[in-house]
Amino acid sequence: PLSGESFNRLTTTTEDGARLDIYTRRFWGQQEGPFFDVRVLHPNAPSYRDLEPAVCYHRAERQKDRKYGNRVRQIEHASLTPLIFSTTGGVGKRAEVCLKRLASCLAEKRDVPYSLTLGWLRCRLSFALLRSAILCMRGSRRPVRLGFMISDEDFQPDLVAHQAGLPKV
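Under my numbering, the sequence shown is numbered contiguously, ending at residue 1540.
Written out as structure tokens, the structure is:
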């Protein structure tokens, strides 16, 4: 909650209930705790139809930064990384950098090649975006599953390699 702070941008969110989607520790560096805010946009919507996808992603990143950036830096003393995805499988520039960093950390931790790990992450992300788009169109047919954990059973880069026709590691 805010306690009388003022911001130099009028677009910065000042409501007490304003929250960001994801917080981690030591993602970009040892001392930094970044916040992530996710937006999924549909590039075929009337408001985006005349724009290139890269422009759509950049515009959405700027909107998130204007809305939450000052607050995160001044109040939380952290950084903000907007994660912009499209329903057609596209990824914003900053989200792509985040995916590559996550793939690098996972590949190092699991001792698996970086390329397989990044392919596995992109595959998981594509299916998650597809599921969310379908859910938006038809609604839910079952109770919501809370929480998301990557377990050892989920992490199968050999399967990704097999499907891509690559030799087994």
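Each residue gets a CB set at the ideal place from its N, CA and C atoms; glycine is no exception.
It should be emphasised that the depicted structure is a prediction, and the values quoted were computed from it without experimental measurement.
Nearest-angstrom Cα distance between P1372 and V1483?
In this prediction, P1372 has a pLDDT of 45, which is less than 50 and means its spatial position is unreliable; what the coordinates show is noted afterwards. Cα-Cα distance, rounded: 42 Å.
Mind checking whether K1471 and A1425 have CB atoms under 9 Å apart?
Contact: no.
Three CB pairs or more closer than 8 Å across the stretch 1392–1406 and the stretch 1443–1452:
The stretch 1392–1406, when compared against the stretch 1443–1452, does touch it at the 8 Å Cβ threshold.
Tell me the rounded alpha-carbon separation between S1466 and G1490.
Per the sequence shown, the amino acid found at residue 1466 is Ala instead of Ser. Cα to Cα, A1466 sits roughly 15 Å from G1490.
Please state if the CB of I1455 and the CB of K1480 are separated by a distance shorter than 9 Å.
No; because the gap between Cβ atoms is not below 9 Å, this pair is not in contact.
Under the three-state DSSP convention, the category T1452 falls into:
Strand.
Every unbroken alpha helix (DSSP H) within the stretch 1453–1500, with a cutoff of 4 residues, ordered by chain:
Taking only runs of at least 4 residues, the alpha helix (DSSP H) segments lying wholly in the stretch 1453–1500 are 1464–1481.
If you measure between the beta carbons of D1421 and V1409, is that distance less than 9 Å?
With respect to the 9 Å criterion, D1421 and V1409 are not classified as neighbours on the basis of their beta carbons.
According to DSSP, R1410 sits in a beta bridge with which residue or residues?
Beta-bridge partners of R1410 (DSSP): I1455.
Where does L1506 land, buried or exposed, given buried means 16+ other C-beta within 10 angstroms?
That one is exposed.
Count the other CB atoms within 10 Å of the CB of G1510; is the residue buried (16 or more) or exposed (fewer)?
Exposed is the label assigned to G1510, since fewer than 16 other Cβ atoms lie within 10 Å of its Cβ.
Let me make sure I understand the geometry here. Which of F1398, Y1419 and R1396 has the alpha-carbon closest to that of T1458?
The shortest Cα separation from T1458 among F1398, Y1419 and R1396 belongs to Y1419.
Going by DSSP, name the residue or residues bridged to I1393.
Looking at the DSSP assignment, I1393 forms a beta bridge with F1407.
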